[in-house]
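Residues in the sequence shown are numbered consecutively from 1, following the UniProt record's numbering.
In this text, a Cβ means the ideal position worked out from N, Cα and C, and glycines have one as well.
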Amino acid sequence: MSPKLERLIQALKDVFGESLQSLTADRGEITIEVAAADYLRVARTLRDHADLHFEQLMDISGVDFSTYGNGAWSGRRFASCAHLLSVRHNWRVRLRVFAESDEFPVLDSVVDIWPSANWYERESFDLYGIMYSGHPDLRRILTDYGFVGHPFRKDFPISGYVEMRYDPEQGRVVYQPVTIEPRENTPRIVREESYGDVGHG
């Protein structure tokens, strides 16, 4: 591990202490996880603290952990991951937070901290159904009006729930239940434990 990453890890531990539920360094990337209740405070500190200074949010992505790791996942299902950059220090960190409820996942919005979060949070809401409390305009951004469900959830059927077609008798587009049989489009890939580790062929 590089001295720069070691300095970042130490700075994160010094600043957040017990607020860090986990800190992982893997393949040159640092991921910290915090509780939903601490999310806004930690995000604001990541931006404002002189030793960290993550002034730029690069991306926010939703994650569905329901079938993580080729087996049964025992933790919470939905997480939001913010990918942050410090231009001043030239380092990056991933901030992960899990929603408390799997049935109705809600997390605080970080739009007031990083305005660029606006569309990323809308995308995460649209595709995963994660609600962002305090977001100024939380509505779908990629799917159509009236779309049912959240297509990146792992239990969402590959062909969806409804299909649309033009009905010449009615003179408009109509929605109806899907008429094709569900099928698996891509094979499931299971890799060995050591796949991708440095030093293994």
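Self-check item: Spatially closest choice to L40 from E192, W114, L142 and T24, by CA coordinates
Solution: W114
Quiz item: Whole-angstrom Cβ separation of V178 and R165, contact assumed at under 8 Å?
Solution: Actually they are not in contact, since the Cβ atoms of V178 and R165 sit about 11 Å apart, beyond 8 Å.
Quiz item: The beta strand (DSSP E) spanning Y166 covers which residue range?
Solution: V162 to D167
Practice problem: Name the two residues that bound the continuous beta strand (DSSP E) containing P177. | Solution: R172 to P177
Practice problem: With a threshold of 16 other CB atoms inside 10 Å of the CB of F104, please say whether the residue is buried or exposed. | Solution: Taking a 10 Å sphere around the C-beta of F104, we find fewer than 16 other C-beta atoms and assign the residue as exposed.
Quiz item: How many Å lie between D167 and Q176 at the Cα?
Solution: Answer to the nearest angstrom: the Cα atoms are 11 Å apart.
Quiz item: Do three or more CB pairs link the region 116 to 126 to the region 135 to 143 at distances below 8 Å?
Solution: yes
Self-check item: Residue range of the alpha helix (DSSP H) that includes D51
Solution: Where D51 is concerned, there is no enclosing alpha helix (DSSP H), given that its DSSP letter is neither H nor E.
Quiz prompt | Rounded separation between V42 and G75 - CA only | solution = 22 Å
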